[in-house]
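Chain order of the listed sequences is A and B.
Numbers 87 to 426, taken from this note's numbering, label the letters of the first sequence in order.
Numbers 87 to 426, taken from this note's numbering, label the letters of the second sequence in order.
Step one of this worksheet: look at the structure below.
There are 2 protein chains.
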Amino acid sequence: MELRRREFTALLLGAAATLSLAGPADAESDPLPSWRPGSAKDAIVKFVHATTDAASPDFVPVAERIATFDQDGTLWVEHPVYTQLVYCFDRVPALVKAKPELAKVEPFRTVLTGDREAIARLGLEPLIKIAAATLTGMDVDMFRDEVAKWIAEARDPRWKRPYTELIYQPQIELLKYLRSVGYRTYIVTGGGQDFVRVYAERVYGVPPEQVIGTAGGVSYQYAADGRPVLMKEPKLLLNDDNAGKPEGIHLMIGRRPRFAFGNSTGGRQILEYTAAGGGVRLAMLVLHDDADREYAYGPAHGLPDTKVGRFPPELYDQAKKDGWIVVSMKDDWRRIFAFE
Amino acid sequence: MELRRREFTALLLGAAATLSLAGPADAESDPLPSWRPGSAKDAIVKFVHATTDAASPDFVPVAERIATFDQDGTLWVEHPVYTQLVYCFDRVPALVKAKPELAKVEPFRTVLTGDREAIARLGLEPLIKIAAATLTGMDVDMFRDEVAKWIAEARDPRWKRPYTELIYQPQIELLKYLRSVGYRTYIVTGGGQDFVRVYAERVYGVPPEQVIGTAGGVSYQYAADGRPVLMKEPKLLLNDDNAGKPEGIHLMIGRRPRFAFGNSTGGRQILEYTAAGGGVRLAMLVLHDDADREYAYGPAHGLPDTKVGRFPPELYDQAKKDGWIVVSMKDDWRRIFAFE
Chain A
87 MELRRREFTA
97 LLLGAAATLS
107 LAGPADAESD
117 PLPSWRPGSA
127 KDAIVKFVHA
137 TTDAASPDFV
147 PVAERIATFD
157 QDGTLWVEHP
167 VYTQLVYCFD
177 RVPALVKAKP
187 ELAKVEPFRT
197 VLTGDREAIA
207 RLGLEPLIKI
217 AAATLTGMDV
227 DMFRDEVAKW
237 IAEARDPRWK
247 RPYTELIYQP
257 QIELLKYLRS
267 VGYRTYIVTG
277 GGQDFVRVYA
287 ERVYGVPPEQ
297 VIGTAGGVSY
307 QYAADGRPVL
317 MKEPKLLLND
327 DNAGKPEGIH
337 LMIGRRPRFA
347 FGNSTGGRQI
357 LEYTAAGGGV
367 RLAMLVLHDD
377 ADREYAYGPA
387 HGLPDTKVGR
397 FPPELYDQAK
407 KDGWIVVSMK
417 DDWRRIFAFE
Chain B
87 MELRRREFTA
97 LLLGAAATLS
107 LAGPADAESD
117 PLPSWRPGSA
127 KDAIVKFVHA
137 TTDAASPDFV
147 PVAERIATFD
157 QDGTLWVEHP
167 VYTQLVYCFD
177 RVPALVKAKP
187 ELAKVEPFRT
197 VLTGDREAIA
207 RLGLEPLIKI
217 AAATLTGMDV
227 DMFRDEVAKW
237 IAEARDPRWK
247 RPYTELIYQP
257 QIELLKYLRS
267 VGYRTYIVTG
277 GGQDFVRVYA
287 ERVYGVPPEQ
297 VIGTAGGVSY
307 QYAADGRPVL
317 MKEPKLLLND
327 DNAGKPEGIH
337 LMIGRRPRFA
347 FGNSTGGRQI
357 LEYTAAGGGV
367 RLAMLVLHDD
377 ADREYAYGPA
387 HGLPDTKVGR
397 FPPELYDQAK
407 KDGWIVVSMK
417 DDWRRIFAFE
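Have a look at this one:
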């Protein structure tokens with residue numbers, strides 16, 4: 087039964103490919119309606135045709151069609167603070183309930199006060215302490231359930247919506263467009279791999295095995311009832327930002343991407359690595375220049391400076407020099423959110 | 087064009103599935119001709135029907151169909167010594183040519199003598215030294231090219247054939263059978279991830295991103311010409327054996343397998359983890375009990391003891407107790423190698 091099904095499917099797929107390739111491209115509906123006409127949109131369509139049309143000299147076999155997207159600031163809102171950090175802060179009360187002695191210990195004491203300004207002033211070391219305390223010490227199934235519950239209930243203070251609605255509609259269209267022509271879409275994020283995997287399939291259509299992120303170690307243990315569990319340990323395996331992104335791609339995929347999309351200095355190396363692969367490749371960056379509809383920060387292009395998702399002038403210059411496409415949120419995106 | 091193609095393909099796939107499900111199963115040719123009729127073969131076929139027939143109460147969605155295979159001793163020959171270790175020994179002369187001072191340093195001096203008995207007596211520490219020296223210190227592309235060249239030229243001394251022909255034909259059929267019904271087949275090996283990825287797609291039909299193995303860190307650097315490269319560092323990221331296998335699966339897939347196949351004590355935890363997932367799962371172990379056609383080692387079942395791919399009586403007992411299927415190479419496999 088199975089062999090026949092496979093052969094039959096291969097036959098039908100072949101027929102489908104032939105038929106659809108024969109169809110006139112201009113008669114199709116626009117797969118990227120939230121992208122305004124312009125050089126960014128043109129670059130995407132040109133890249134897709136160059137790498138997926140069988141007659142193209144730059145044709146790329148399906149197995150090699152890998153597209154990677156950063157998450158924070160590239161697929162969803164990262165300002166004023168990374169969503170995962172909000173999760174960590176929100177977990178502190180439950181943590182202190184379980185370990186009351188933490189209530190008087192910094193930085194947990196400050197987080198418990200709810201004083202937003204004091205919390206915003208916390209440095210890197212205290213933040214790492216909070217992250218380690220709230221993201222480790224439980225098994226991976228418990229963690230998944232906690233994140234799933236939180237992500238369903240939490241609301242962004244500006245839009246009063248779930249964080250999973252603060253995803254960029256043009257990027258959702260782009261993910262679908264790339265998948266429709268045989269690209270496997272990966273998220274390659276500085277955020278926590280286990281965190282993003284909880285909702286990535288539902289929200290972005292990206293399955294867990296295609297989410298690469300900052301990853302801590304787990305240890306194989308037996309629960310009291312003898313059931314094997316994987317405990318999340320406070321041990322960093324992969325810091326998936328900056329050089330860690332291409333390093334993580336080698337570890338998890340073992341192939342160089344054809345397409346990479348970022349939005350900040352943490353995406354520089356993955357864009358370099360992608361672009362250096364030879365043949366037709368596409369490297370893109372979102373520039374957040376739309377304070378009305380989302381946020382505006384750089385400091386490239388005279389935008390305000392920021393600590394979250396920094397896009398410095400050097401990155402802008404490198405993009406121009408190397409032919410990476412800088413996408414203006416304001417000019418290139420007709421619509422930012424599906425709920426607009 | 088692409089949207090239409092996708093919709094059309096979905097339509098055709100739906101039609102294909104319906105048609106093939108309607109076909110009578112017993113009229114099909116046997117997908118596992120190298121497996122003799124018996125309880126092991128029955129367990130595989132029963133597992134496939136239970137998890138892939140839409141009408142089955144134990145039906146598993148395609149996205150969750152994950153099957154994992156150990157490599158050494160499960161997919162190909164591991165005796166008298168792991169193939170990757172032969173590669174490391176074979177690389178020593180080139181290494182010493184590049185760094186002549188190593189010729190007088192142990193354990194390189196011993197390897198250079200070619201004295202098989204002395205080499206066989208090397209302990210774990212010297213072997214780790216040889217592995218680190220021959221598997222790291224170059225960029226990932228150089229390493230891939232070196233392994234590809236070696237694997238094409240090297241010959242196993244017993245069969246006088248390339249190591250990639252010493253793969254078990256029943257397992258190749260099983261991999262194909264599982265893929266034909268929507269399972270993604272992963273290799274989860276204690277061997278080096280970068281090493282196995284070089285030939286896994288050609289030999290097993292398993293693409294790089296579905297090879298999980300012992301992995302060292304890489305570091306993102308710039309070559310003299312400014313090109314970014316990933317250098318292989320002597321830093322262990324994942325020791326993908328024993329408890330490291332389920333830990334590696336969590337890191338790289340993020341889903342629990344439905345099916346796991348091993349052959350030694352290093353596969354115990356992945357089998358436990360797989361079997362503990364609920365619903366229908368299948369855990370299998372190859373028992374090497376065929377000295378004539380391959381090798382015989384245990385020491386389970388009164389077979390000779392070994393240091394390579396040890397299958398102790400405790401593992402045999404656990405398998406019997408937990409319903410894991412022990413596959414007798416001698417009795418369950420009609421043919422071991424394709425060249426027989």
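The beta carbon of each residue, even a glycine, is placed where N, CA and C say it ideally should be.
Bear in mind that the values here come from a model prediction, so they are computed numbers and not experimental data.
| Check | Outcome |
| --- | --- |
| Tell me where the alpha helix (DSSP H) around E239 (chain A) begins and ends. | V226 to E239 |
| I believe E380 (chain A) touches H374 (chain A) by the beta-carbon criterion, under 8 angstroms. Please report the beta-carbon distance rounded to the nearest angstrom. | 6 angstroms |
| Which stretch, first to last residue, makes up the alpha helix (DSSP H) that contains F133 (chain B)? | S125 to T138 |
| Taking Cβ-Cβ distances below 7 angstroms as the criterion, which residues of the segment 131 to 158 of chain B are in contact with chain A? | A149 |
| Taking a cut of 7 angstroms between CB atoms, which residues from the segment 320 to 341 of chain A lie near chain B? | L323, A329, P332, E333, H336, L337, M338, I339, G340 and R341 |
| Could you check whether Y173 (chain A) and A240 (chain A) sit closer than 9 angstroms to each other, using their CB atoms as the reference points? | yes |
| Please confirm if R195 (chain A) has its CB atom under 9 angstroms from at least one CB of chain B. | no |
| Where do the N-terminal and C-terminal ends of the beta strand (DSSP E) with R270 (chain B) fall, by residue? | R270 to G278 |
| Starting from the beta carbon of A346 (chain A), find every residue of chain B whose beta carbon is closer than 7 angstroms, and list them in chain order. | Chain B residues near A346 (chain A): none, gap ~12 angstroms exceeds 7 angstroms. |
| For V366 (chain B), report the span of its beta strand (DSSP E) as first-last. | First-last for V366 (chain B): undefined, no H or E at that position. |
| Please report the distance separating the alpha-carbon of L322 (chain A) from that of L357 (chain B). | 26 angstroms |
| Tell me, please, whether the segment 337 to 352 of chain A touches the segment 311 to 321 of chain A by the rule of three or more beta-carbon pairs shorter than 8 angstroms. | no |
| Report yes or no: is there a C-beta of chain B within less than 9 angstroms of the C-beta of L389 (chain A)? | no |
| Do you know how far the Cα of A234 (chain A) is from the Cα of A149 (chain B)? | 19 angstroms |
| Mapping DSSP to helix, strand and coil, what is Q307 (chain A)? | strand |
| For P179 (chain A), report the span of its alpha helix (DSSP H) as first-last. | T169 to A184 |
| Scan the segment 345 to 375 of chain B for residues whose Cβ lies nearer than 7 angstroms to a Cβ of chain A and list them as they occur along the chain. | Q355, E358, Y359 and A362 |
| Given that a residue counts as buried once 16 or more other Cβ atoms are within 10 Å of its Cβ, and exposed if not, what is K331 (chain B)? | buried |
| Mind listing, in chain order, the continuous beta strand (DSSP E) runs of no fewer than 3 residues lying wholly within the segment 293 to 341 of chain B? | 297 to 308 and 314 to 324 |
| If we ignore side chains and look at the alpha-carbon of each, how far apart do D326 (chain A) and V274 (chain A) end up? | 7 angstroms |
| Assign Q145 (chain B) to one of two classes, buried (16 or more other C-beta atoms within 10 Å of its C-beta) or exposed (fewer than that). | Before going on, a small fix: residue 145 (chain B) reads as Phe here, not Gln. So F145 (chain B) counts as exposed. |
| Go through its chain and collect everything with a Cβ distance to E426 (chain A)'s Cβ below 6 angstroms, but skip five positions before and after it. | none |
| Mind checking if G291 (chain B) is an interface residue toward chain A, Cβ cutoff 9 angstroms exclusive? | no |
| Is F281 (chain A) helix, strand or coil by DSSP? | helix |
| Taking the alpha-carbon of T392 (chain B) as reference, which of B:E187, B:R421, B:A206 and B:S120 has the nearest alpha-carbon? | B:A206 |
| Taking C-beta to C-beta, are V390 (chain B) and G363 (chain B) nearer than 9 angstroms? | The sequence as given places Pro at residue 390 (chain B); Val does not occur at that position. In this structure, G363 (chain B) does not lie closer than 9 angstroms to P390 (chain B) by Cβ. |
| Do D417 (chain A) and G159 (chain A) come within 9 angstroms of each other at the CB atom, strictly closer than that value? | no |
| Quick check on this structure: which residue in A:P166, A:G223 and A:V163 has the alpha carbon closest to the alpha carbon of L181 (chain A)? | A:G223 |
| Below 9 angstroms between beta carbons: does that hold for R396 (chain A) and T351 (chain A)? | yes |
| Contact criterion: CB-CB distance below 9 angstroms. Does A409 (chain B) meet it with respect to chain A? | First, the residue type needs correcting, since residue 409 (chain B) is Gly and not Ala in the sequence shown. No, its Cβ sits nowhere closer than 9 angstroms to a Cβ of chain A. |
| Between Y402 (chain A) and G209 (chain A), what straight-line distance do the alpha-carbon atoms span, to the nearest angstrom? | 27 angstroms |
| Quick check on V163 (chain B): does DSSP put it in helix, strand or coil? | coil |
| The segment 254 to 287 of chain A: which residues have C-beta closer than 7 angstroms to a C-beta of chain B, in chain order? | Y263, S266, V267 and R283 |
| Using a Cβ cut-off of 7 angstroms, pull out every chain B residue sitting near R313 (chain A), in sequence order please. | A362 |
| Using a threshold of 9 angstroms, state whether the C-beta atoms of L371 (chain A) and F347 (chain A) are closer than that. | yes |
| Around the C-beta of R283 (chain B), are 16 or more other C-beta atoms found within 10 angstroms, so that it is buried, or is it exposed? | buried |
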